[in-house]
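Under my numbering, read the sequence shown as residues 214 to 451, first letter to last.
Think of the CB as a built atom: it goes at the ideal place given N, C-alpha and C, for glycine as much as any other residue.
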Amino acid sequence: MYADLAPWFGLLSPPEEYEDEADHLLALIHRLAPGARTLLELGAGAGSLASHLAPHLACTLTDRSPDMLAVSRARIPAARHEVADMRTLRLPGRFDVVLVHDAIGYLTTEADLAAALATVAHHLAPGGLALLIPDETAETHRAGTDHGGADAPDGRGARYLEWSHPLRPGATTADVDYVIVTREADGTTRTVHDRHVVGVFPEATWRRLIGAAGLRVVPAPIPDPLAGEHVLLVARRR
Ligand SMILES: C[S@@+](CC[C@H](N)C(=O)[O-])C[C@H]1O[C@@H](n2cnc3c(N)ncnc32)[C@H](O)[C@@H]1O
């Protein structure tokens with residue numbers, strides 16, 4: 214999905230779908246880090262979320278997929294883009310806000326999650342804010358199906374079926390099957406089955422690893438309008 218299907222990501226998961234989430238993050242940043250000017254995102258993908266943040270903050274967007282970053286670069290030319298794995302990235306600067314959104318779900322071991330949280334801590338400026346937003350924890354995980362996608366004005370379209378499977382007892386990973394159909398303007402279709410394995414950790418594991426990375430979770434001062442659709446952990450350096 215994040216390589217040869219990357220050019221279709223804007224139709225599979227359009228930026229408009231991220232607007233409410235971005236508004237909430239900007240409100241949180243405004244309250245908790247009012248002078249913030251710079252933001253680093255780990256696993257920024259196609260920049261769908263970041264496209265709403267970039268008008269307000271100088272964004273550095275990183276992802277391990279060059280194909281996804283190419284989409285982001287075209288969408289947000291003013292942002293700095295770096296191909297990098299969130300477990301090992303080390304940039305010279307520090308940032309007022311470090312954001313990790315749904316991409317963190319692709320870390321499937323505690324060691325990998327700890328490495329990504331060390332990257333977050335490393336890049337936070339003093340007084341900076343970490344926004345950690347996994348799709349789910351072990352407590353919120355639900356098996357089930359979802360679907361989505363959109364059409365482009367030029368006649369292309371893309372749709373997906375997402376099938377999340379139950380978490381096996383004691384496991385910290387879950388399988389998610391995607392069936393993706395792309396349709397060119399001339400009506401040619403292509404169907405792809407893509408299996409993803411995602412990490413699903415108990416909230417206590419998140420909190421323990423956040424602490425071990427030298428961060429502390431702080432209460433969010435504004436109720437999360439998307440509670441139930443994602444998990445939002447706000448942290449600062451200790
Ligand atoms: C669902 S997409 C992110 C979409 C993004 N939230 C947006 O707004 O466009 C997940 C992304 O995670 C990236 N990813 C997965 N594992 C990664 C890792 N270890 N380091 C950096 N990026 C990673 C993938 O390349 C993919 O672009």
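Cβ-heavy atom distance, residue i to ligand 1, below 7 Å
i    : result
L255 : yes
A271 : no
A235 : no
S278 : yes
H534 : There is no way to answer for residue 534, as the model of the chain reaches only from 214 to 451.
G412 : no
A324 : no
A259 : yes
H409 : no
L239 : no
H314 : yes
L252 : no
D388 : no
D359 : no
Y215 : yes
L320 : yes
D367 : no
Alpha carbon of residue i to alpha carbon of residue j, nearest angstrom
i    : j    : result
H409 : F308 : 31 Å
R429 : I393 : 39 Å
A283 : E230 : 20 Å
T301 : H336 : 12 Å
D359 : Y391 : 10 Å
A331 : T401 : 45 Å
L241 : A417 : 23 Å
G357 : L270 : 36 Å
G424 : P432 : 15 Å
E375 : P339 : 40 Å
W419 : G383 : 16 Å
Own chain residues within Cβ distance below 6 Å of residue i, not counting five before or after
i    : result
G341 : D309
A363 : L224 and P227
P279 : V296
P434 : R244
H314 : L262 and I346
Anticipated Cβ contact below 8 Å, residue i with residue j, distance rounded
i    : j    : result
G370 : R396 : 5 Å
A448 : L304 : 19 Å between Cβ atoms; not a contact.
M281 : F222 : 7 Å
T312 : E349 : The sequence shown places Leu at residue 312, not Thr. About 18 Å; that fails the 8 Å criterion.
M214 : D407 : 5 Å
C272 : A292 : 4 Å
Sequence-distant residues of its chain with Cβ nearer than 7 Å to residue i (five each side left out)
i    : result
A235 : L262, H265 and L266
L320 : L326, A329 and G412
G427 : A334, R450 and R451
L380 : A351, H354, A387 and V413
H294 : L274, L282, S285 and R286
Sequence-distant residues of the same chain with beta carbon closer than 8 Å to residue i, five excluded per side
i    : result
D233 : P438 and L439
G256 : T275, D276, R277, M299, V313, H314, D315, A316, I317 and Y319
Environment of residue i [buried if 16+ CB atoms lie within 10 Å]
i    : result
E442 : exposed
G258 : buried
A219 : buried
A249 : buried
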